[in-house]
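The structure appears right after this line, and notes come after that.
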Amino acid sequence: MAKSKSMAKIKKEDLAAVKRMTPSERLKLAIGLSGFSVKLMKAGAEAGKNAARKKS
Numbered sequence: 004m005a006k007s008k009s010m011a012k013i014k015k016e017d018l019a020a021v022k023r024m025t026p027s028e029r030l031k032l033a034i035g036l037s038g039f040s041v042k043l044m045k046a047g048a049e050a051g052k053n054a055a056r057k058k059s
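Numbering (the numbering used here) for the sequence shown: 4 to 59.
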């Protein structure tokens, strides 16, 4: 229970910081996290790659 509570706290506080990250930073962070958070970061990195592709 304590683990999920701390994960939720981290997510809420760092969400803005994660949004400012580059896709490679998100992938590095994803390696350090587990389960749902990894999927979330990979999805964010994928979205970042797609956005970069559209710009160029």
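Virtual Cβ for every residue (Gly too), placed ideally from N, Cα, C.
Same chain, Cβ closer than 6 Å to LYS52, neighbours up to 5 away in sequence not counted: In the sequence shown, the residue the question calls residue 52 occupies position 49. Close CB contacts of LYS52 within its chain, under the 6 Å cut and outside five residues either way in sequence, are with PRO26 (chain order).
ALA55 versus MET24 - alpha carbon distance: Residue mapping note: residue 55 aligns to position 52 of the sequence shown, counting from 1. Residue mapping note: residue 24 aligns to position 21 of the sequence shown, counting from 1. Taking the straight line joining both Cα atoms gives about 13 Å.
Rounded separation between VAL21 and LEU32 - CA only: Looking up residue 21 in the sequence shown gives position 18. Looking up residue 32 in the sequence shown gives position 29. Roughly 9 Å separates the two Cα atoms.
LYS57 versus ALA50 - alpha carbon distance: In the sequence shown, the residue the question calls residue 57 occupies position 54. In the sequence shown, the residue the question calls residue 50 occupies position 47. Pairing LYS57 with ALA50, the inter-Cα distance amounts to about 11 Å.
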